[in-house]
Amino acid sequence: MKEKVRLAGPVDLADKLEKSRAMDRPIRVLAKAVRETIGPGRLRDWLHGVPTGKPLHPPLATVTLGCWVSVAVLDLVNADPKASKALLAAGVAGAVPTAAAGLTDWSSLHREQQRVGFVHMVTNLTALGLFSGSLLLRMAGRQGGGKALAMLGLGAAAVGGYLGGHMAYRQAAGANHAEQVAHLVPLGWHDLCPIKDLPEGRPVTRRLGYIQLFVLRHGGGVSVLADRCSHLAGPLHQGRLVIENGEPCVVCPWHGSTFRIADGSVKHGPATAPAPTFETRVRRDGTIQVRPLT
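Taking full-length UniProt numbering, I'd label the letters of the sequence shown as residues 1 to 294.
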């Protein structure tokens, strides 16, 4: 006999919404505290990975996890305890900047990513506690207990790594959300719009095929970038225009990523990838033409 499918009613949906909001409260509080503690500036940019053009957290996490996996291998083959302690200490020390970079990135993600990231953080803190305990036990001469805690720590770190992979590959946290622009625009020049239709000194958006462009008329020229922020695809044309070290920039309205209008390079994170830039020219009839810079 077939069972009837029960659809969620307004009361069920309201109850689920209330529970979701309750779960999100600690996330909002922690994210705000992180943003206020690590304010805009050079430290935050370094923790995001702006100077290198790549997120800093993944490579740091790889080094830390690599140390801990190596400890487990050495324990299995009964290698020199000094080597295990050295790797444990290196992993524990490396976990500090790894966590700082991860927290900084996490504080500027959207809510669905932050929910997974919160559990990712808890499991990794558990792993850090277990590996730290393992190191202390080994230093006290209790090798058996130290090995047991290390194996438990590796299990927690594996769960944390799985969740980190889910954020990166399923939820696209840390991915470049503007990379596909170069593949959607054919090479060569393309008509965009008449220059007389553009306001002076105020960014607007114009469509070119499948993509949205950030278009700014200033002086006698026109600057064109991909409109979607490379961090989480925020609309750059809705952002503020600012001057950074004498250079015109646009600030993403969602999370504050700042890009040079001249070449799309990142001045401030959380974005680390540049905004795709387009070369422009004006035809004799006043039509703006653009082509992607490759």
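Beta carbons: idealized from backbone N, C-alpha and C, even for Gly.
One alpha carbon belongs to Q238, the other to A150, and they sit about 50 Å apart. Straight-line measurement puts the Cα of H166 at about 12 Å from the Cα of E112. With contacts defined as CB atoms closer than 8 Å, A271 and S230 qualify as a contacting pair. When DSSP states are grouped into helix, strand and coil, T272 belongs to the coil group. Shown here, I288 sits in a strand according to DSSP, grouped into three states. Residue environment: I288 is assigned as buried (16 or more neighbouring CB atoms within 10 Å of its CB, all protein chains considered). Close CB contacts of W46 within its chain, under the 8 Å cut and outside five residues either way in sequence, are with L56 (chain order). When only Cα atoms are considered, L125 and R115 end up about 16 Å apart. Residues I261 of the same chain have their beta carbon placed closer than 6 Å to that of P248, with the five preceding and five following residues left out of the count. The beta carbons of G146 and S134 sit closer together than 8 Å.
As for any alpha helix (DSSP H) of minimum length 4 sitting wholly inside the region 95-171, the runs are 111-139 and 143-165, ordered along the chain. In this structure L109 is in contact with G117, their Cβ atoms being roughly 6 Å apart against a cut-off of 8 Å.
Contact between L154 and V69 holds: their C-beta atoms lie close to 7 Å from each other, under 8 Å. In the three-state scheme derived from DSSP, where H, G and I count as helix and E and B as strand, K82 is classed as helix. About 5 Å separates the beta carbon of L152 from that of L130, a gap short enough to meet the 8 Å contact definition. Non-local C-beta neighbours of I195 in its own chain, meaning closer than 8 Å and more than five positions away in sequence, comprise R217, V222, V282, G286, T287 and I288, ordered along the chain. The beta carbon of G209 sits closer than 7 Å to those of L184 and V185, all from its chain and outside the five residues before and after it, given in chain order.
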